[in-house]
Structures are given as C-alpha cells and as structure tokens.
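Q: Would you mind keeping the following structure in view while I ask a few things?
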Amino acid sequence: MTSSNQTLERLAAVIESRKGGDPQASYVARLFHKGTDAILKKVGEEATETVMAAKDGDTAKIVYEVADLWFHSMVALAHFGLGPEQVLAELERREGLSGLEEFARRGAPAPAAGSDKEANTP
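Numbering follows UniProt numbering, with no gaps: position 67 of the sequence shown is 67.
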C-alpha cells in the first residue's frame, strides 16, 4: 500500500497538469476553464452529498462521497495555488491541540456547551 501522502501528491500533480489543458479532453481542465464559481459549486455539491451519505449511515457511500469531496477540494486548492502539503502542514500544526486550545489560538470564541461545533472538535 502506498503512503496516503504520496497518493495526494500524485493526484495534486495530475490536477496541476490539467491547468490550461483542453476543456474538451479533461474534466479537471473544464473545471479550471469555467473558473472559481464552478469549482466551488462542485465542492459544495460534494459536501452536501457527503452529509447525505452520512445521514443515511451508508459507510461505503460515505467513503465514496468523501473521496469526491477531497478530489474537488484539491481542484480548489490548485486553483488558488495551493496543494495538499499546506493542508497537511496545518493538520500537523493542530495535532495534539485540544479544540478549545485551537479556538483560543485563533482568537475565536469557544462554542457553547452542547453545540454541534463543540461535538466535532477534538
């Protein structure tokens, strides 16, 4: 099995190679050609489909939809000149921090007890 980081790096390289490509020959090139709104619309659609799969409790579909969400998020990252390495670095920075510590570092108020945001914070 290959490293997850290597998989993300390879996928990022393929996505990057599609910039400026023929929109008739590549789905990713077509997204880049359509621009920011089209890319963000796809990210939103995939996020919604991920939530719906999770609400259904269908684990296979959750994995499938999260893969779509990650893929389209990587297209968005590339569109803005970013890659998975920046996201991984941010996750590594947060590793070991409690959710409340992270909120404090950002200067954001901690979520109220019992809120959805608190339930999803490590």
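Quick reminder that beta carbons are idealized off the backbone N, C-alpha and C, glycines included.
Predicted model only: the values in this text are computed from it and were never measured.
Can you give me the Cβ contacts of SER95 inside the same chain, cut-off strictly under 8 Å, excluding the 5 residues immediately before and after it?
A: The amino acid occupying residue 95 in the given sequence is Glu; Ser does not appear at that position. Answer for GLU95: no residue qualifies.
Q: Measure how close the beta-carbons of VAL51 and ALA76 come, nearest whole angstrom, since I'm counting them as under 8 Å.
A: No, VAL51 and ALA76 are not in contact; Cβ-Cβ is about 18 Å, not under 8 Å.
Q: Mapping the DSSP letters down to three states, classify GLY107 as helix, strand or coil.
A: If DSSP states are grouped into helix, strand and coil, GLY107 belongs with coil.
Q: Tell me the DSSP secondary structure of ALA119 in three-state form.
A: Confidence at ALA119 is low in this model, with a pLDDT of 48, below 50, so its placement is unreliable and no value can be given for it.
Q: Contact criterion: CB-CB distance below 8 Å. Does GLY35 meet it with respect to chain C?
A: Included in the structure is just one protein chain, with no chain C present.
Q: Which residues in the same chain have their Cβ closer than 7 Å to the Cβ of GLN6, if we skip the five residues on either side of it in sequence?
A: none
Q: I'd like the list of long-range same chain contacts for GLU45, defined as Cβ closer than 6 Å, with 5 residues on each side in sequence excluded.
A: none
Q: If you reduce the DSSP assignment to three classes, tell me which class GLN6 lands in.
A: helix
Q: Reducing DSSP to helix, strand and coil, say where LYS19 ends up.
A: coil
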